[in-house]
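Shown next, in structure tokens, is the structure this report addresses.
Protein chains: 2
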Amino acid sequence: MRRTSTETKSIILSAARERFAADGYERATIRSIAADAQIDPAMVMRYFGSKEKLFAAAAEFDLRFDALADVPRDQLGSAFVRHFLRQWEAGEALQVLLRTGITNDGAAERMREIFARQLAPRIAALTGDPANAPVRAAMISAQMLGIGLARYILRFPPVVAMSEDELVHWLGPTIQRYLTAD
Amino acid sequence: MRRTSTETKSIILSAARERFAADGYERATIRSIAADAQIDPAMVMRYFGSKEKLFAAAAEFDLRFDALADVPRDQLGSAFVRHFLRQWEAGEALQVLLRTGITNDGAAERMREIFARQLAPRIAALTGDPANAPVRAAMISAQMLGIGLARYILRFPPVVAMSEDELVHWLGPTIQRYLTAD
DNA sequence: ATTGATTGTCAACAGTTGTTGGCCTACAGT
DNA sequence: ACTGTAGGCCAACAACTGTTGACAATCAAT
Chain R
7 MRRTSTETKS IILSAARERF AADGYERATI RSIAADAQID PAMVMRYFGS KEKLFAAAAE
67 FDLRFDALAD VPRDQLGSAF VRHFLRQWEA GEALQVLLRT GITNDGAAER MREIFARQLA
127 PRIAALTGDP ANAPVRAAMI SAQMLGIGLA RYILRFPPVV AMSEDELVHW LGPTIQRYLT
187 AD
Chain X
7 MRRTSTETKS IILSAARERF AADGYERATI RSIAADAQID PAMVMRYFGS KEKLFAAAAE
67 FDLRFDALAD VPRDQLGSAF VRHFLRQWEA GEALQVLLRT GITNDGAAER MREIFARQLA
127 PRIAALTGDP ANAPVRAAMI SAQMLGIGLA RYILRFPPVV AMSEDELVHW LGPTIQRYLT
187 AD
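From first to last, the protein sequence lines are chains R and X.
Heads up: the first sequence begins at 7 in my numbering, then just goes up one per residue.
Heads up: the second sequence begins at 7 in my numbering, then just goes up one per residue.
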């Protein structure tokens with residue numbers, strides 16, 4: 007067949023995202039990604055240069071915290087939890103980052119960057135407390151990454167079994183406290 | 007040199023733990039482990055049979071939650087946090103599990119097992135609420151794994167910078183709530 | 001119809017991986 | 001001194017990895 011280069015590129019990209027999310031950086035081989043995309047491995051190299059660069063392209067994304075801009079202050083905790091849970095389920099993005107961030111230094115760096123650049127400023131704006139925003143953001147990241155880890159990666163049965171509402175019920179007050187305490 | 011087989015075996019084991027903790031399952035190669043232990047890669051195979059079995063041996067450990075047996079009920083949260091933090095820092099055990107559990111299915115299974123077998127029963131005993139113990143244990147695991155992830159693996163600067171006391175200050179009430187709420 | 005560029009295929013490379021079998025060396029019991 | 005056993009080392013294997021270069025097929029513009 008014959009496609010435009012941008013088509014093929016995006017086919018490769020989504021295959022790469024799935025593989026990275028499912029297998030992590032090392033086990034997601036270029037050959038397996040190419041096989042999923044039904045494409046020659048050499049094409050992956052042609053369009054992305056190297057595995058590192060392919061990964062960099064696959065791990066780019068936006069957590070869209072701007073959606074929380076006009077939530078009443080006392081409901082921020084629940085809103086944050088719901089927003090995060092949907093981000094976990096929407097795309098493979100967060101799963102890619104978590105699976106790879108643990109063995110790949112570049113991915114860990116990317117993760118730090120995303121949370122520092124996207125979450126901390128939002129929290130500074132929402133709480134009007136810029137001084138403590140990085141710590142609050144870090145605590146919230148830790149809690150939400152922990153839940154994602156338990157639910158989507160390690161698959162702890164009780165966490166998998168919980169509904170979104172139950173999770174909000176448990177986590178909402180925690181996040182609310184991390185946002186406002188002290 | 008010449009050693010007893012049990013000596014060499016334990017030398018290999020501790021080298022393996024370090025490598026698995028630092029690099030994860032895939033990147034911790036038998037050759038690199040053998041090099042650390044200053045022995046021939048073939049010896050690893052002789053004594054452990056395969057990489058899988060070496061890993062199984064390296065990932066065996068005890069979270070020692072029994073140490074929390076006689077903590078006053080209202081201080082359980084802080085005690086849990088302190089205990090966990092020390093477990094993270096004491097040996098490489100938790101880091102091994104987390105680094106590998108994310109790419110290796112066997113390790114994920116082992117992790118579920120450890121938390122279900124060691125944490126949940128303890129919580130059932132401590133709270134006198136066996137029905138909700140698995141959920142509470144899972145929530146606590148998620149929070150503490152999240153912190154370990156942010157502090158020791160992803161190295162989020164604000165989390166790395168916090169002292170043990172600060173972490174207890176933030177996390178203690180959360181864990182206390184997961185233990186007693188509802 | 002002939003170009004030139006773009007998309008795709010194929011085969012091979014050099015390096016690394018887990019794993020294996022043969023061989024050497026030290027030691028204990030005779 | 002001789003021998004059996006157990007610890008240690010070396011070289012090689014087959015499979016797999018990322019990556020590369022040469023070559024074929026397809027299209028658009030002249």
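Ideal Cβ placement from N, Cα and C applies to all residues, glycine included.
Cβ pair residue i, residue j closer than 8 Å
i	j	result
Leu60/X	Ala22/X	yes
Pro164/R	Pro127/X	no
Leu202/R	Leu69/R	A query on residue 202/R cannot be resolved here, the shown segment of chain R reaching from 7 to 188 and no further.
Pro136/R	Arg183/X	no
Leu173/X	Leu91/X	yes
Ile108/R	Arg25/X	no
Arg88/R	Glu170/R	yes
Tyr53/X	Thr10/X	no
Ile159/X	Arg142/X	no
Ala99/R	Phe67/R	yes
Ala63/X	Arg116/X	no
Phe162/X	Ala144/R	yes
First through last residue of the alpha helix (DSSP H) which encompasses residue i
i	result
Ser147/X	Ala139 to Gly154
Glu115/X	Asp111 to Ile120
Asp42/R	Ile36 to Asp42
Tyr53/X	Pro47 to Phe54
Pro164/X	Pro163 to Ala167
Gln101/X	Ala99 to Gly107
Glu66/X	First-last for Glu66/X: undefined, no H or E at that position.
Gly134/R	That residue, Gly134/R, is in no alpha helix (DSSP H); it is neither H nor E in DSSP.
Ile17/X	Ser11 to Arg33
Ile181/R	Glu170 to Thr186
Gln81/X	Element bounds for Gln81/X: n/a, residue is neither H nor E.
Cβ separation of residue i and residue j, assumed to be a contact under 8 Å, to the nearest whole Å
i	j	result
Leu177/R	Leu82/R	Going by Cβ atoms, the distance from Leu177/R to Leu82/R rounds to 12 Å, so no, they are not a contact pair.
Asn110/R	Tyr31/R	4 Å
Ile39/R	Ile17/R	Not quite, the Cβ-Cβ distance comes to about 10 Å (not below 8 Å), so this is no contact.
Ile153/X	Ala148/R	5 Å
Cβ-based neighbour list, residue i, same chain, cut-off 8 Å, excluding 5 preceding and 5 following
i	result
Asp46/R	Ala40
Leu155/X	Leu104
Proximal residues to residue i (C-beta, below 6 Å), its chain only, five neighbours per side dropped
i	result
Phe121/R	Ser147
Spatial neighbours of residue i in its chain, beta-carbon cut-off 7 Å, leaving aside the 5 residues before and after
i	result
Ala27/X	Glu98, Gln101, Val102 and Arg105
Arg157/X	Val165 and Val166
Ile36/X	Pro47, Val50 and Lys57
Met168/X	none
Ala34/R	Arg25 and Phe26
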